[in-house]
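Letter by letter, the sequence shown follows residues 35 to 166 in our numbering. Contents: one structure, followed by commentary.
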Amino acid sequence: MTTPVVRFRIDFANHANVGPGKIALLEAIRTSGSLSQAARELRMSYRRAWLLMASLNESFVKPVTRSTTGGKGGGGAALTEFGEQLIRSYRALDRDISSLAARRLNLISPAVATRAQSKATSLRRSLGHNRV
């Protein structure tokens with residue numbers, strides 16, 4: 035049986051939203067301490083990562099990340115306490131929604147065909163064989 039996966043985005047206001055991509059970026063920044071390393075880990079361009087981080091920081095009155103400038107040791111990026119809270123809140127909601135989806139879709143999930151089953155069923159139907 036497959037477990038349904040729900041992906042969601044929260045729109046706080048016009049142009050102020052958070053979804054799985056931005057949360058993954060914040061988590062990668064937390065782990066690496068670097069926006070460029072986080073971008074590499076997520077296989078996105080530095081520019082895209084920078085734009086996402088800037089969007090997050092502009093979406094709230096409290097900063098989500100803080101940057102340090104380069105120098106001998108190089109620059110970096112870190113989450114603020116608000117950024118950490120944003121991740122915790124999003125992940126808690128993600129767990130709640132996933133649990134609810136599993137309960138609500140428990141009668142549907144067993145009927146989901148795998149890709150191989152789906153191709154075989156389609157082939158049988160196109161050949162006029164209705165038995166599965």
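Glycine included, C-beta positions come from ideal geometry on N, C-alpha and C.
Buried or exposed by the 16-neighbour rule on C-beta atoms within 10 Å, applied to residue i
{"i": "Val98", "result": "buried"}
{"i": "Tyr80", "result": "exposed"}
{"i": "Leu113", "result": "buried"}
{"i": "Ala73", "result": "buried"}
{"i": "Lys96", "result": "exposed"}
Sub-8 angstroms separation of residue i and residue j beta-carbons
{"i": "Val52", "j": "Ile44", "result": "yes"}
{"i": "Pro38", "j": "Ser143", "result": "yes"}
{"i": "Phe42", "j": "Ile131", "result": "yes"}
Inter-residue Cα distance where the pair is residue i and residue j
{"i": "Ala136", "j": "Thr102", "result": "42 angstroms"}
{"i": "Ala88", "j": "Ser66", "result": "18 angstroms"}
{"i": "Gly162", "j": "Phe116", "result": "60 angstroms"}
{"i": "Ala83", "j": "Gln71", "result": "10 angstroms"}
Discussion item. Give the list of continuous beta strand (DSSP E) stretches no shorter than 3 residues that lie fully inside the region 80–109.
Written reply: 99–102
Worksheet entry | Entirely enclosed alpha helix (DSSP H) segments - the region 117–154, minimum 4 residues | none
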